[in-house]
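**Q**
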Amino acid sequence: MIKITLIKSLRLVLSPFSLIYALVLSIRNKLFDLNILKHTSFDVPVIAVGNLSLGGTGKTPQIEYLIRLLQEDYTIAILSRGYKRKSEGFVIAGKETTVEEIGDEPFQFFKKFQKIAVAVDSNRTNGIKELLKRDPLINLILLDDAYQHRKVKANFYTLLTAYDNRYTNDFVLPLGDLRESRSGAKRANTIVVTKCPFNLTKKERIDIIKEIDPRKYQQVFFSSIAYDTTIHSSKSSLELKTLVNYEIVLITGIAKPKQLVDYLIEQKIKFNHLDFPDHHTFNSLDIENINQTFDKIKNNKKLILTTEKDFTKLSNSIEGIYSLGIRTSITDSEKFDSFVKKGI
């Protein structure tokens, strides 16, 4: 509680810088809008997925939703900047690629969708050019976490905002968690309110849509996180419902693990939670701490559970570790699917 109070106090002190930062970004966006700062368009459709806030809105499952929706009709490539990767420039995933080379989320895409080209490049314009040069059959690009990347002109923008932390109630850094001002939402074709409770009422949806106040060309949708009913290790699988008999060490290195934690509590699963920062690079001391925590459990039925993203970094270091997958479940999915397909 003391730490939270200190952070809030510090943000208030820094609030004048928030105004300066917002002004600079607004000028930058206006220059792009007026074509004074140049952006590049491509002959193939480009979908940009991102958020106004710092993170934790569910970009990865949203990208995966779009892959499943469009992979039958398009030859898809995913381009990300590869946050915290240990490489530079353009890298395309291949058989020998490691998670360290391209980052955890791109590596997750590569492992789950092996027919999809996955590449990283902080220069998105160059990255798209390289992808199209290497495979002329690619006819759709998904840009991960690229809402603020104005140098590429996407055909369709999907803006995500978390149900319990909507951009409409937030402020620009450092006063709040927004990367740019709320007015940036006008670039979106669709705004998806993510991580909603499954029992969200029609009235609540209507109230949130009024709060967002979409433009005439925009559509607002609502999505929830659906957890897999099975957990997987490199060698075996278990039904999630059987974990009520186990004691778990839960490892998370994601922006906002609360929803996962709450879900496991609802399932009456006992666990010891080791919470690491988003995109955490696990070192030998972390692995030792995880193993020591696991060894202290006296229950004969015990296991280590993590997210799909963290599994990409931990599976080679911790034997028998399991991951729990998630999917995006969109309310009125047929309307959303149609809106996206028509938009590109």
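According to our numbering, the residues represented by the sequence shown are -16 to 327, in order. All residues carry an ideal CB built from backbone N, CA and C; glycine is no exception.
Figure out for me which residue from 86, 191, 5, 292 has the closest Cα to the Cα of residue 105.
**A** Nearest of 86, 191, 5, 292 to residue 105, Cα basis: 86.
**Q** Rounded to whole angstroms, what is the Cα-Cα separation between residue 189 and residue 245?
**A** Cα-Cα distance, rounded: 26 Å.
**Q** Distance check for residue 236 and residue 326, CA to CA, integer angstroms please.
**A** Approximately 34 Å, taken between the alpha carbons.
**Q** With DSSP as the reference, please indicate the residues paired to residue 202 in a beta bridge.
**A** DSSP, once it has assigned bridges, lists 173 as partnering residue 202.
**Q** Using the rule of at least 16 other Cβ atoms within 10 Å of the residue's Cβ for burial, across every protein chain shown, is residue 12 buried or exposed?
**A** Per the 10 Å Cβ criterion, buried.
**Q** Identify, in the order they occur along the chain, each residue of the same chain with its Cβ nearer than 7 Å to the Cβ of residue 0, setting aside the five sequence neighbours on each side.
**A** Taken in chain order, the residues that qualify are 157.
**Q** Excluding the 5 residues flanking residue 277 on each side, which residues of the same chain have their C-beta closer than 6 Å to its C-beta?
**A** Taken in chain order, the residues that qualify are 232, 287.
**Q** Terminal residues of the continuous alpha helix (DSSP H) containing residue 46?
**A** Start and end: 42 to 53.
**Q** Exposed or buried, which one is residue 98 when buried takes at least 16 other CB atoms within 10 Å?
**A** Under this definition residue 98 is an exposed residue.
**Q** Kindly identify the DSSP beta-bridge partner or partners of residue 127.
**A** BP columns for residue 127 point to 32.
**Q** If we call anything under 7 Å between Cβ atoms a contact, is residue 65 one with residue 103?
**A** Yes, they are a contact pair.
**Q** For residue 15, collect the residues of the same chain with a Cβ closer than 7 Å to its Cβ; drop the 5 residues on either side in sequence, then sort them by chain order.
**A** So the qualifying residues of the chain are 22, 133.
**Q** How many whole angstroms separate the CB atoms of residue 41 and residue 212, which I take to be in contact at a CB cut-off of 8 Å?
**A** So it is not a contact: roughly 19 Å between Cβ atoms.
**Q** How would you write the range of the beta strand (DSSP E) that residue 61 sits in, first residue to last?
**A** Segment 59 to 63, the beta strand (DSSP E) holding residue 61.
**Q** Which one or two residues does DSSP pair with residue 141 in a beta bridge?
**A** DSSP lists 32, 173 as partners of residue 141.
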